[in-house]
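S.K.:
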Amino acid sequence: MTVFRPGRLDEALGFLAEAPAVLLAGGTDVFPALGDRPAPGRVLDLTAIAEMRGIAREGDHWRIGAGVTWAELCRADLPPQFDALKRAGRQVGSVQIQTTATIAGNICNASPAADGVPVLMALDAELDLASAAGRRVVPLAGFVTGNRRTLLRPDEVVTAIRVPHLDGAVRSDFAKLGSRAYLVISIVSMAAVLRCEDGRVADARIAVGACSAVPLRLAALERELVGRGAGTLGAAVRAEHFAALTPIDDVRASAAYRRDAVCTMAVRMLHGWGTEG
Amino acid sequence: MSGLTFTLNGNEVRHDGAGLERLSAVLRRDFGCREVKVGCDAGDCGACTVLLDGAPVCACITSSGRVAGRKVETLAGLRENDPMFASLSAAFLAHGAAQCGICTPGMMVSAVALLRATPAPTEAEVADALGGVLCRCTGYRKIIDAVMGKPAPDPGKGAVGAGIARLDGARKIAGEEMFGDDVSPGNALILKVIRAPHDHCGFHFGDLDGWRTASGIDLVLTAKDVPGENRFGVIPGFIDQPVYAETVARFRGEAVATVVGPAEVMSVLDLSTFPVSWMEKLACLEPQAAKAAPELHPDRAGNTMCRGLVQRGDAEAALAQAAVTAEGVFETRFIEHAYIEPEAGYADWTVDGVEVHGGTQAPHMNRDSLAAILGLPVEAVRVVPSAVGGGFGSKLDLSFQPHVALAAMRLGRPVRVAYTRSESMASTTKRHPASMRVRAGATQDGRLSGFIFEGTFNTGAYASWGPTVANRVPVHAGGPYAHADIRSRTEAVNTTCVPAGAFRGFGVPQAAIAQEAVFDDLALELGMDRLEFRYLNALDNGFPTATGQVFDGAVGIRPCLAALRPAWRYGLQKAHEFNGEGGVLRRGVGIACGWYGCGNTSLPNPSTIRAGITSGGRVMLHQGAMDIGQGANTVVAQIFAEALGIDVGRVEIIGPDTGVTPDAGKTSASRQTYVSGNAARLTGLALRAEILRLTNAAEGRIEIAKGEVTVTAPDGRVHRAVLPDGDRYVVEAAETYDPPTAPLDENGQGVPYAVYGYTAQMVELTVDTGLGTVTLDHIHAAHDVGRAINPVLVEGQIHGGVAQGIGLALMEEYIPGRTDNLHDYLIPTIGDVPPITSHIIEVADPHGPYGAKGLGEHVLIPTAPAILSAIRHATGARVTRLPAMPDRVLAAIRAAKEG
Numbered sequence: 099m100t101v102f103r104p105g106r107l108d109e110a111l112g113f114l115a116e117a118p119a120v121l122l123a124g125g126t127d128v129f130p131a132l133g134d135r136p137a138p139g140r141v142l143d144l145t146a147i148a149e150m151r152g153i154a155r156e157g158d159h160w161r162i163g164a165g166v167t168w169a170e171l172c173r174a175d176l177p178p179q180f181d182a183l184k185r186a187g188r189q190v191g192s193v194q195i196q197t198t199a200t201i202a203g204n205i206c207n208a209s210p211a212a213d214g215v216p217v218l219m220a221l222d223a224e225l226d227l228a229s230a231a232g233r234r235v236v237p238l239a240g241f242v243t244g245n246r247r248t249l250l251r252p253d254e255v256v257t258a259i260r261v262p263h264l265d266g267a268v269r270s271d272f273a274k275l276g277s278r279a280y281l282v283i284s285i286v287s288m289a290a291v292l293r294c295e296d297g298r299v300a301d302a303r304i305a306v307g308a309c310s311a312v313p314l315r316l317a318a319l320e321r322e323l324v325g326r327g328a329g330t331l332g333a334a335v336r337a338e339h340f341a342a343l344t345p346i347d348d349v350r351a352s353a354a355y356r357r358d359a360v361c362t363m364a365v366r367m368l369h370g371w372g373t374e375g
Numbered sequence: 033m034s035g036l037t038f039t040l041n042g043n044e045v046r047h048d049g050a051g052l053e054r055l056s057a058v059l060r061r062d063f064g065c066r067e068v069k070v071g072c073d074a075g076d077c078g079a080c081t082v083l084l085d086g087a088p089v090c091a092c093i094t095s096s097g098r099v100a101g102r103k104v105e106t107l108a109g110l111r112e113n114d115p116m117f118a119s120l121s122a123a124f125l126a127h128g129a130a131q132c133g134i135c136t137p138g139m140m141v142s143a144v145a146l147l148r149a150t151p152a153p154t155e156a157e158v159a160d161a162l163g164g165v166l167c168r169c170t171g172y173r174k175i176i177d178a179v180m181g182k183p184a185p186d187p188g189k190g191a192v193g194a195g196i197a198r199l200d201g202a203r204k205i206a207g208e209e210m211f212g213d214d215v216s217p218g219n220a221l222i223l224k225v226i227r228a229p230h231d232h233c234g235f236h237f238g239d240l241d242g243w244r245t246a247s248g249i250d251l252v253l254t255a256k257d258v259p260g261e262n263r264f265g266v267i268p269g270f271i272d273q274p275v276y277a278e279t280v281a282r283f284r285g286e287a288v289a290t291v292v293g294p295a296e297v298m299s300v301l302d303l304s305t306f307p308v309s310w311m312e313k314l315a316c317l318e319p320q321a322a323k324a325a326p327e328l329h330p331d332r333a334g335n336t337m338c339r340g341l342v343q344r345g346d347a348e349a350a351l352a353q354a355a356v357t358a359e360g361v362f363e364t365r366f367i368e369h370a371y372i373e374p375e376a377g378y379a380d381w382t383v384d385g386v387e388v389h390g391g392t393q394a395p396h397m398n399r400d401s402l403a404a405i406l407g408l409p410v411e412a413v414r415v416v417p418s419a420v421g422g423g424f425g426s427k428l429d430l431s432f433q434p435h436v437a438l439a440a441m442r443l444g445r446p447v448r449v450a451y452t453r454s455e456s457m458a459s460t461t462k463r464h465p466a467s468m469r470v471r472a473g474a475t476q477d478g479r480l481s482g483f484i485f486e487g488t489f490n491t492g493a494y495a496s497w498g499p500t501v502a503n504r505v506p507v508h509a510g511g512p513y514a515h516a517d518i519r520s521r522t523e524a525v526n527t528t529c530v531p532a533g534a535f536r537g538f539g540v541p542q543a544a545i546a547q548e549a550v551f552d553d554l555a556l557e558l559g560m561d562r563l564e565f566r567y568l569n570a571l572d573n574g575f576p577t578a579t580g581q582v583f584d585g586a587v588g589i590r591p592c593l594a595a596l597r598p599a600w601r602y603g604l605q606k607a608h609e610f611n612g613e614g615g616v617l618r619r620g621v622g623i624a625c626g627w628y629g630c631g632n633t634s635l636p637n638p639s640t641i642r643a644g645i646t647s648g649g650r651v652m653l654h655q656g657a658m659d660i661g662q663g664a665n666t667v668v669a670q671i672f673a674e675a676l677g678i679d680v681g682r683v684e685i686i687g688p689d690t691g692v693t694p695d696a697g698k699t700s701a702s703r704q705t706y707v708s709g710n711a712a713r714l715t716g717l718a719l720r721a722e723i724l725r726l727t728n729a730a731e732g733r734i735e736i737a738k739g740e741v742t743v744t745a746p747d748g749r750v751h752r753a754v755l756p757d758g759d760r761y762v763v764e765a766a767e768t769y770d771p772p773t774a775p776l777d778e779n780g781q782g783v784p785y786a787v788y789g790y791t792a793q794m795v796e797l798t799v800d801t802g803l804g805t806v807t808l809d810h811i812h813a814a815h816d817v818g819r820a821i822n823p824v825l826v827e828g829q830i831h832g833g834v835a836q837g838i839g840l841a842l843m844e845e846y847i848p849g850r851t852d853n854l855h856d857y858l859i860p861t862i863g864d865v866p867p868i869t870s871h872i873i874e875v876a877d878p879h880g881p882y883g884a885k886g887l888g889e890h891v892l893i894p895t896a897p898a899i900l901s902a903i904r905h906a907t908g909a910r911v912t913r914l915p916a917m918p919d920r921v922l923a924a925i926r927a928a929k930e931g
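Protein chains in written order, with the working numbering: chain D, 99 to 375; chain E, 33 to 931.
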């Protein structure tokens with residue numbers, strides 16, 4: 099067994115160029131999946147890489163290092179467009195999980211119920227990917243391709259999440275529905291990011307988790323909201339706005355319930371929005 | 033990487049690993065930090081919480097490499113280095129915030145992290161900080177009180193009736209309690225179990241010897257290696273479960289083999305290479321399918337294992353004459369015990385035979401079963417229980433013990449095992465799923481007129497305690513009410529599921545869900561208040577129970593209901609006002625009752641307690657009643673001290689250990705306070721009589737000192753006797769108590785239990801009618817315990833039972849192969865248990881020690897039906913299949929609106 103814990107990104111990429119390895123960051127998904135089986139043959143521990151740390155404004159976007167944990171994000175001084183991400187972070191697992199789990203790990207684990215993904219999709223996030231062969235930037239929408247599947251190549255790592263900065267009157271929100279108070283996997287999760295101009299919605303992004311193999315943006319609902327004025331958003335929500343969702347029956351809820359609940363949650367989240375200016 | 037250094041509890045330490053091991057494993061094995069408890073290895077339970085640079089993390093999902101150069105603090109370090117430990121541990125002890133103690137280190141460490149940043153936290157802040165640590169015993173409320181620094185209850189004076197801190201509490205809170213995986217020696221070989229991957233399958237082994245040699249391990253065990261009977265069980269006539277399946281595995285997770293080897297070999301051994309091939313067979317997961325399927329066991333036609341019946345009067349005729357009738361069909365699913373300590377322990381081979389160490393609820397019963405499996409005389413098997421990190425019924429049955437015992441016997445050296453969370457969940461017993469139909473009637477003036485219960489219980493692949501459930505349920509199915517005409521039938525059906533066995537209440541909580549819901553129907557139909565309908569029909573002294581038993585003074589259900597009446601009326605009024613405002617949130621108030629017979633059903637179940645006084649004046653209590661967190665160590669000692677007439681602080685507890693403690697029976701059936709408590713009382717009285725005889729005193733205050741015992745008579749005269757030197761006890765007594773019961777006849781008539789306890793609970797909640805989510809606002813629990821030997825422990829049982837009832841009602845459903853972990857199988861967290869008001873009622877029982885009745889199972893029975901009653905009151909929704917998850921509640925709300 100080889101475990102490599104480099105301090106520099108190029109060392110990490112060199113290790114991956116030699117042969118694929120299990121990527122280890124917070125460990126909150128790797129260890130539960132491992133159970134009591136023997137450790138995998140090659141492990142790349144990403145937690146010591148300085149280039150993957152930190153949150154900073156870089157020109158027209160925010161850069162969240164791939165190693166940033168939920169606890170670090172929740173403590174960071176960020177504009178209101180990130181309120182939803184912080185709200186999601188405070189509901190990820192427990193304090194113990196938030197201390198160690200990374201936001202990039204939440205994406206790469208590619209669970210349909212990952213709470214961070216709908217929020218970051220609503221923020222139009224992109225991912226910085228790096229390999230020894232070079233770097234590329236890919237939109238989060240499309241990066242997660244299915245349940246536990248992503249576009250990440252075996253020789254690649256996510257180095258950062260890029261979130262376009264939004265100017266103006268921006269609000270964001272996140273809601274999660276589960277069967278208990280803590281440590282709960284979402285039945286439905288929902289994120290909304292709205293930008294208003296002159297009291298009307300100029301830009302709306304709504305995304306839903308746990309109701310399809312990959313969290314989805316609700317384009318039809320977003321179009322419906324644009325141009326609407328204060329206090330009228332909740333009334334704009336209709337069942338057909340959720341037609342693209344493909345919820346399943348599982349141990350947490352029935353598909354029919356998810357279809358129903360997602361609509362209720364959207365109405366509640368949007369109700370009254372815009373009235374604050 | 034070839035080693036790393038970090039700071040552990042203030043000391044710089046070095047670890048020579050590759051950096052990928054779980055920090056929990058490294059801390060426990062290499063640094064002796066056995067206060068870091070492992071409950072799930074998945075970050076789901078928080079028992080292993082440590083501080084990493086001051087922030088709480090689950091050590092089980094933290095790689096050792098990640099702590100390089102950083103500061104790690106465990107509970108032991110906080111105990112040594114953090115001044116906060118003293119006040120916080122004192123608060124935990126005084127509030128009874130630790131029961132079994134397995135989650136306590138995680139709770140304490142998380143609480144210290146919170147209090148360092150927030151010295152005076154709100155309840156919400158405590159919940160946020162502790163939300164990642166699961167507790168199955170306490171119901172969390174006492175933990176919240178302790179962390180918030182609320183005033184602790186006054187323990188009071190004396191022995192019986194005093195709410196003293198549990199005698200074994202300090203070591204639990206300090207993280208010094210030793211559980212199954214804590215007692216195992218570091219040099220022991222490691223054992224792992226090969227389990228069937230299908231619900232039902234045949235199998236063939238390949239070249240086991242070749243694989244063993246090639247793998248470099250010491251031993252492979254299969255059915256042919258069992259020297260005695262390859263069978264175990266708990267009920268005579270139903271000993272049907274093999275230690276290792278022989279040709280067919282009847283449930284997913286059944287053991288077919290074990291492999292044993294040195295730790296360094298076992299840690300890299302890929303068990304998927306074990307040479308076995310599986311042939312899937314027809315799976316029957318539900319009783320209805322199993323009844324039509326081939327027999328899983330010989331002589332069980334239609335896979336029906338056994339039936340139960342209790343009938344009195346003419347239920348059909350009474351129903352026909354009833355002014356109103358109601359009926360309902362109800363379904364509950366498998367419930368997992370979800371103790372935070374998975375099964376673990378070790379065995380060793382000694383000159384006297386085999387010793388088995390680890391958690392159990394039934395050391396003597398386990399010993400006898402192991403002797404039969406091992407082909408050894410009973411004297412050659414010694415069971416030495418460790419502390420038990422939660423049991424709730426499942427740790428009555430054998431689990432890991434035969435495997436390690438066989439291996440130690442074969443190899444002549446210690447062999448240890450610790451079940452993973454998923455194998456614990458897959459292979460150990462569950463609460464029986466029940467399909468129940470109830471019909472009940474009442475006269476126009478609200479008196480019960482006919483009650484019929486029919487229940488089918490899925491008992492899984494093997495019997496375990498299925499016969500007990502089939503017998504207990506009909507006795508209790510009518511609830512603590514005055515039924516003149518009642519008939520209750522049960523059947524237990526084998527399926528290809530994990531065995532269902534004992535779980536806090538033996539089927540009675542399921543039956544209460546059906547019975548209480550139909551009583552709500554009757555009250556609604558009659559236009560009667562639900563509490564008053566129950567009060568009117570409550571069982572009372574002089575009225576025969578369903579089995580024809582008549583009590584004279586000990587029936588306590590009406591006092592329980594009366595105690596709830598003020599809160600009930602106020603709660604109804606508050607809900608009415610709230611709902612009058614309209615809106616999507618609806619408040620509801622619900623009520624339910626329960627009763628439960630203490631001890632085995634119409635069977636002998638004696639307890640023996642032994643005690644002695646040494647020449648040095650030490651008072652030694654050989655206490656074999658397993659304390660699994662409920663408090664037997666404390667309660668039995670209090671009763672003994674009261675009877676002997678000494679301070680409970682003088683009592684030193686020996687055991688449990690089948691080598692040195694007599695058989696105090698099983699910790700089940702709510703029997704330890706009543707049965708072992710009586711044995712302790714008789715033992716204390718016998719010792720007292722002997723001391724009075726030795727000192728030639730008739731009565732007086734006993735004082736025991738080194739070499740001397742004195743009795744100060746009421747007239748002030750002091751009688752003395754010398755305690756002579758010697759190794760043996762100078763004064764000694766051992767007494768036995770067995771409840772007076774009588775067999776049940778073919779109609780279930782007889783005296784199944786000498787003592788019953790009674791309860792009524794009331795739930796206030798809010799339902800979100802848009803999403804079907806339920807928020808519990810307050811629970812009021814009235815319990816007739818006869819006499820509260822220790823009121824703090826009584827309240828601890830109430831809170832813990834209520835929390836399990838919440839789980840049963842709202843979130844728990846075990847699905848074999850699908851929810852074998854603590855993130856898909858949900859139990860209540862600290863945010864899911866509302867404030868609980870306890871009403872302790874004391875209607876003394878003439879058979880109980882100082883009037884005490886059992887309590888351990890009663891606490892869970894009314895909670896779920898009271899929650900369903902409140903959901904219905906709030907919304908009209910009648911939820912008939914549990915758990916009442918949001919989707920089911922919303923569907924029931926819609927159905928009620930349409931209906």
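All C-beta atoms in this analysis are idealised placements derived from N, C-alpha and C, irrespective of residue type, glycine included.
A quick note: this is a predicted structure, and the numbers were derived from the prediction, not measured.
(1) Is it buried or exposed for E:His389, if we count other Cβ within 10 angstroms and need 16 for buried?
(2) Cβ closer than 9 Å: which chain E residues qualify as neighbours of D:Thr145?
(3) Please tell me whether E:Gly97 and D:Val101 are closer than 8 Å, where the distance is taken between their beta carbons.
(4) Please specify which runs of the beta strand (DSSP E), each continuous and at least 3 residues long, are wholly inside the segment 507-547 of chain E, giving them in chain order.
(5) Decide yes or no for the touch test of the segment 652-659 of chain E against the segment 591-600 of chain E: beta carbon pairs closer than 8 Å, at least 3 of them.
(6) Considering only the alpha carbon of each residue, which of D:Pro138, D:Met288, D:Pro136 lies closest to D:Val215?
(7) With which residues is E:Lys224 paired in a DSSP beta bridge?
(8) Identify every residue that forms a DSSP beta bridge with D:Gly232.
(9) Pick helix, strand or coil for E:Thr170, following the three-state DSSP scheme.
(10) For E:Leu8 versus E:Gly649, is the C-beta distance shorter than 8 Å?
(11) From E:Met917 to D:Ala220, what does the alpha carbon distance come to, in whole angstroms?
(12) If we count the other Cβ atoms within 10 Å of its Cβ and call it buried at 16 or more, is E:Pro848 buried or exposed?
(13) Do we get a CB-CB distance below 8 Å when we pair D:Gly307 with the residues of chain E?
(14) Quick check: what's the CA-CA separation for E:Ser401 versus E:Pro434?
(15) Identify the contact partners of E:Ile671 in chain B, using a Cβ-Cβ distance below 8 Å as the criterion.
(16) Measuring alpha carbon to alpha carbon, tell me which of D:Pro345, D:Ala267, D:Arg356 ends up nearest D:Trp371.
(17) Note down, in chain order, each residue of its chain lying with its Cβ closer than 7 Å to the Cβ of E:Leu803, except the 5 sequence neighbours on either side.
(18) When the Cα of E:Gly269 is compared with those of E:Leu438, E:His329, E:Arg198, which residue comes out closest?
M.R.: Answer, in terms of the structure:
(1) buried
(2) Ser95, Gly97, Arg98
(3) yes
(4) 518-526
(5) no
(6) D:Met288
(7) According to DSSP, E:Lys224 bridges with E:Val291.
(8) D:Ser229
(9) coil
(10) Because chain E is modelled from 33 through 931, residue 8 of chain E falls outside the range shown and cannot be assessed.
(11) 29 Å
(12) buried
(13) no
(14) Those two C-alpha atoms are separated by around 9 Å.
(15) Protein chains in the displayed structure are D and E, and chain B is not among them.
(16) D:Ala267
(17) Pro918, Leu922
(18) E:His329
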